[in-house]
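Beneath this line is the structure, given in structure tokens, with notes to follow.
Protein chains in written order, with this note's numbering: chain A, 26 to 278; chain B, 26 to 278.
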């Protein structure tokens, strides 16, 4: 039996940062149109009300390679969604699924973009990004530590706003303090810093502080936390961070 | 007459990259709950089916300061949404609105995050981001040209995937070629490059090519185009770009 194109497809779906209300209509439609949904438990729970009638394949954190393989295998004969928190291109499943698919041969793949955890964290802090920014994961499981440090140095020196993903895991606690030490070589102690844990999810917590005081919040920082470091023009306004876009150089307001 | 808190609020809403199906439910609800919607014509048209019953204040490109002022003024007595394409923190209205609000005094503001044009462009190319990346606007209207060049150099040297916003405007055509020349000092001619014009909008066009051939597509590049430059590990797969996450260093697949 040969299946028509419309009966087989692999969606890689960014489901947004947490709360179901940040899911896009396009992502919802891909999920509703799928026979199988593949993901880890946290993300499947996040979209549980949308996928109740689906065949669900639940895999643990760390099982990414197996999950990608399964998605590609099933996608050859079924309509399948493999899900990522946030956006699938931002430390999500898009890369691994395409890597596996390239070896496995022809399959139709569509990526559905989502709201990133960084956009969600930024929205809770007000306007911390706004200008050029760099996104760096501190996890040295998949990227050599020397490269991560190089990126921190170069981003800090060129006055990028810096968004830090995966600041700390259970087995890797010292990388975060080391990253902050690097950034301190280039930015003043008064530089605004935002710490957002569980953005738009249960246990959400938002702190606006400064580079000089960031270690007071060390206990709050784990794999579910994003840290945003302002640039040299960023400023605190109460619990908000404002990074000017640069209009102040041209206009009075 | 004093208004209750629930009758006055300013939403800064990221409406996503283009097609209405990328709007989140939360953004839709903010728009539906607003009395006034403020934005430029392109973005208002993008959400026209959601805001038909609203009082609409339409302003031109370049009128950002006036638009932010108007939103803050109205937000003191009404429920108002000011909209940004993509996400309001990514070269969007969040910064300017908070800058104006800080001077104008107390007002309740909520930022609603959206799907960025970068996530949309990346989704059309497959998996070009995936690892650490830097986002740089080439518009030197609001950022000094020397700083933009510094950022290009530092990002290229540290092997970030680079997303270029605002690559070219009518009055500023040479910056793009100059940016590419800088990146060429650090990346091989075979580095994959994605060019995405009008992502998820009418006139959408997607090219996957290499750094060595990018200037063949020079005519396609304008303010509605995003250019993604892969890192040293990125590869082309037909019309797709794959940037490995790094799992290949740990696993066979």
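Using N, Cα and C, we set each Cβ at its ideal position, and we do this for glycine too.
Cβ neighbour criterion (16 or more within 10 Å) applied to residue 240(A): Position 215 of the first chain, counted from the first residue, corresponds to residue 240(A). Its Cβ having fewer than 16 others within 10 Å, residue 240(A) is exposed.
Please check if any C-beta of chain D sits within less than 8 Å of the C-beta of residue 217(A). Considering every chain present, this structure includes no chain D. Its protein chains are A and B.
Would you say residue 35(B) faces chain A, with C-beta separation under 8 Å as the test? In the second chain, counting from the first residue as 1, residue 35(B) sits at position 10. Closer than 8 Å: no.
Would residue 130(A) count as contacting chain B if we go by Cβ distances under 8 Å? By 1-based counting over the first chain, the position of residue 130(A) is 105. Not one chain B Cβ lies under 8 Å of residue 130(A).
Just the C-alpha distance for residue 221(A) and residue 253(A), rounded to the nearest angstrom, thanks. The sequence position of residue 221(A) within the first chain is 196, counting from 1. The sequence position of residue 253(A) within the first chain is 228, counting from 1. Going by the C-alpha atoms only, they are around 8 Å apart.
With DSSP run on the structure shown, which of helix, strand or coil describes residue 176(B)? Taking the first residue of the second chain as position 1, residue 176(B) is located at position 151. Three-state result, residue 176(B): helix.
DSSP state of residue 121(A) mapped onto helix, strand, coil: Stepping through the first chain from its first residue, residue 121(A) is reached at position 96. Here residue 121(A) sits in helix by DSSP.
So what does residue 34(B) bridge to, in DSSP terms? The residue you call residue 34(B) lines up with position 9 of the second chain. DSSP output for residue 34(B) lists 104(B) as bridge partner(s).
Listing by chain order, which chain B residues have their CB less than 7 Å from the CB of residue 185(A)? Here residue 185(A) refers to the residue found at position 160 of the first chain. Going along chain B in sequence order, the residues near residue 185(A) (Cβ under 7 Å) are 159, 176.
Which class does residue 26(B) belong to by DSSP, given the choice of helix, strand or coil? As a first step, residue 26(B) is located in the second chain; it is residue number 1 there, counting from the start. The pLDDT assigned to residue 26(B) is 46, lower than 50, so where the model puts this residue is not dependable, and the model offers no usable value.
What residues of chain A sit near residue 47(B), judged by a beta carbon separation below 8 Å? By 1-based counting over the second chain, the position of residue 47(B) is 22. The contacting residues are 49, 50, 51, 138.
Shortest alpha-carbon distance to residue 99(B) belongs to which of 85(B), 113(B), 81(B), 120(B)? If you number the second chain from 1, residue 99(B) lands on position 74. Comparing Cα positions, the closest option is 81(B).
Less than 7 Å between C-beta atoms, sequence neighbours within five positions excluded: which residues of the same chain meet that for residue 96(B)? Along the second chain, one-based indexing puts residue 96(B) at 71. So the list reads 35, 63, 105, 107, 122, once near-sequence residues are dropped.
Can you name the start and end residues of the beta strand (DSSP E) that residue 162(A) belongs to? On the first chain, position 137 is the one that residue 162(A) refers to. Per DSSP, residue 162(A) belongs to the beta strand (DSSP E) from 158–162.
At what residues does the beta strand (DSSP E) containing residue 65(A) begin and finish? Position 40 of the first chain, counting from 1, holds the residue named residue 65(A). Note, residue 65(A): beta strand (DSSP E), 61–65.
Take the Cβ of residue 26(B) as the centre, count every other Cβ of all protein chains shown within 10 Å, and call the residue buried at 16 or more, exposed below. Sequence index remark: in the second chain, residue 26(B) carries index 1 (1-based). Low per-residue confidence applies at residue 26(B): pLDDT is 46, beneath 50, and the placement is therefore not dependable enough to give any value.
If we ignore side chains and look at the alpha-carbon of each, how far apart do residue 191(A) and residue 77(B) end up? Sequence index remark: in the first chain, residue 191(A) carries index 166 (1-based). Sequence index remark: in the second chain, residue 77(B) carries index 52 (1-based). Roughly 42 Å between the two C-alpha positions.
So if DSSP puts residue 194(B) in a beta bridge, which residue, or which two residues, is it bridged to? Here residue 194(B) refers to the residue found at position 169 when the second chain is read from its first residue. Residue 194(B) pairs with 197(B).
Along chain A, which residues have their Cβ under 7 Å away from the Cβ of residue 269(B)? Walking along the second chain from the start, residue 269(B) turns up at place 244. Per Cβ cutoff of 7 Å: 120, 124.
Does the beta carbon of residue 234(B) sit closer than 8 Å to a beta carbon anywhere in chain A? By 1-based counting over the second chain, the position of residue 234(B) is 209. By this cut-off, residue 234(B) is not an interface position.
Out of 91(B), 161(B), 227(B), 132(B), state which residue places its alpha-carbon closest to the alpha-carbon of residue 193(B). Here residue 193(B) refers to the residue found at position 168 of the second chain. Nearest option by C-alpha distance: 161(B).
Keeping to the same chain, check which residues put their C-beta closer than 8 Å to that of residue 48(B); ignore five residues upstream and five downstream. Position 23 of the second chain holds residue 48(B). Taken in chain order, the residues that qualify are 40, 41, 72, 75, 139.
Helix, strand or coil, according to DSSP, for residue 48(A) in the structure here? Numbered from its first residue, the first chain carries residue 48(A) at position 23. Residue 48(A): coil per DSSP, three-state reduction.
Just the chain A side, please: which residues come within less than 7 Å of residue 148(B) by C-beta, in chain order? As a position in the second chain, residue 148(B) is number 123, starting the count at 1. Here the neighbours are 114, 136, 137, 138.
Helix, strand or coil for residue 80(B)? Go by DSSP, reduced to three states. As a position in the second chain, residue 80(B) is number 55, starting the count at 1. Reduced to three states, the DSSP call for residue 80(B) is strand.
Which residues does DSSP pair with residue 261(A) in a beta bridge? On the first chain, position 236 is the one that residue 261(A) refers to. Answer is 266(A).
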